[in-house]
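Data first, discussion second: the structure below is written as structure tokens.
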Amino acid sequence: MIRSMTGYGRGTASAAGCDITVEVRSVNHRYFDCNVRLPRMYVYMEDAIKSRLAQNVSRGKTDVFVTIEKQPGSAPEIKVNMPVASQYMLAMNMLRQLANGVPSGPVANVDLVAFSKLEGVLSVEANEPDEDELMAGVLSALDAAEESFLSMSRAEGERLKQDILSRADTIEQAVGRIEERSKECVAGYFDKLLARLRDTLEKLGASADEGRIVTEAAIYADKVAVDEETVRLRSHIAELRKLLADGGAVGRKLDFLIQEFNREANTIGSKANDLDIAREVVSLKSEIEKIREQVQNIE
Numbered sequence: 035m036i037r038s039m040t041g042y043g044r045g046t047a048s049a050a051g052c053d054i055t056v057e058v059r060s061v062n063h064r065y066f067d068c069n070v071r072l073p074r075m076y077v078y079m080e081d082a083i084k085s086r087l088a089q090n091v092s093r094g095k096t097d098v099f100v101t102i103e104k105q106p107g108s109a110p111e112i113k114v115n116m117p118v119a120s121q122y123m124l125a126m127n128m129l130r131q132l133a134n135g136v137p138s139g140p141v142a143n144v145d146l147v148a149f150s151k152l153e154g155v156l157s158v159e160a161n162e163p164d165e166d167e168l169m170a171g172v173l174s175a176l177d178a179a180e181e182s183f184l185s186m187s188r189a190e191g192e193r194l195k196q197d198i199l200s201r202a203d204t205i206e207q208a209v210g211r212i213e214e215r216s217k218e219c220v221a222g223y224f225d226k227l228l229a230r231l232r233d234t235l236e237k238l239g240a241s242a243d244e245g246r247i248v249t250e251a252a253i254y255a256d257k258v259a260v261d262e263e264t265v266r267l268r269s270h271i272a273e274l275r276k277l278l279a280d281g282g283a284v285g286r287k288l289d290f291l292i293q294e295f296n297r298e299a300n301t302i303g304s305k306a307n308d309l310d311i312a313r314e315v316v317s318l319k320s321e322i323e324k325i326r327e328q329v330q331n332i333e
């Protein structure tokens, strides 16, 4: 199936206490150029994401956006460092004993807010997600986003295919008209050359073999014939249809083939000294250019 390089897809997953969102978007590009945007602490996933995407995408400038958010239940855990807090309490009790000259005992009226700010009393322990589990979740979301992206690119690719095939039919019809007109042009040119050669020989009072005169006229008349070019154009049209029918990543092949279309059209225009054929060539090149523009979007 033909795919466009333009597309967008989004996928989500939950893993390791995190909500994961992956977005994939792509535009046409000569090669596969993938840019992954991840939170800094998860950059180690970049290569795996690129490798996964490259399995199904061969061309296009592709951006991958990954969002990882911890779920509410996975908030950091705040703990009291009991040994440190006990040492602080002991020290304050000793200070109270020294200041008041009273036996040691429980410290009264402790300001808990101020006490909690003492270094080491409270510790914050983040619940870091398991890397392997999180990676599996990201790849799962990527797969969902990729499938959505590919679905869109396939639909767009089918539209491109139908448009190109329609234009190929138009080109083929123009080639047929050129072939018919070319036969008339060659015959007319031959008759004019033959008459001119005979007239020139007569004026010079020279004589020549009639067969030789006809042969020379035919040789020069053949120079305005475009049979070879139209035959090659028909061959290119057949190859274009075959590539579109086969599907896959055929964008580069199509791009090269369209260059051959242009080459033959230019040759026809330069060889055929006829207004009707010139008009057909202009129409032909217009359709070829439109196909070339569409081909630029095919993977």
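What the sequence shown shows, in our numbering, is residues 35 to 333, in sequence order.
All residues carry an ideal CB built from backbone N, CA and C; glycine is no exception.
Taking the Cα positions, Met169 is about 14 Å away from Arg74. Separation of Ser60 and Asn69 (C-alpha to C-alpha, rounded to the nearest whole angstrom) is 10 Å. When the five nearest sequence neighbours on each side are left out, the beta carbons in the same chain lying within less than 8 Å of the beta carbon of Asn115 are those of Gly154, Val155, Leu156 and Ser157, in order along the chain.
Taking every protein chain shown into account, the CB of Ile112 has fewer than 16 other CB atoms within 10 angstroms, so this residue is exposed. Taking the Cα of Ala178 as reference, the smallest distance to any Cα among Thr46, Ala148, Glu321 and Asp289 is reached at Thr46. Collapsing the DSSP output to three states places Thr96 in a strand. With respect to the 9 Å criterion, Ile332 and Phe295 are not classified as neighbours on the basis of their beta carbons. Here Leu278 has Ile36, Lys195, Ile198 and Leu199 as same chain residues with Cβ atoms under 7 Å from its own Cβ, once five neighbours each way along the sequence are excluded. The Cβ-Cβ distance between Val77 and Val172 does not fall below 9 Å.
Leaving aside the five residues that flank Thr96 on each side, the residues in its chain whose CB is nearer than 6 Å to its CB run, in chain order, Ser60 and Cys68.
Contact between Arg215 and Asp289 does not hold, since the beta-carbon distance rounds to 30 Å and is not under 8 Å. One thing to note: Lys305 has its Cβ within 9 Å of the Cβ of Val260.
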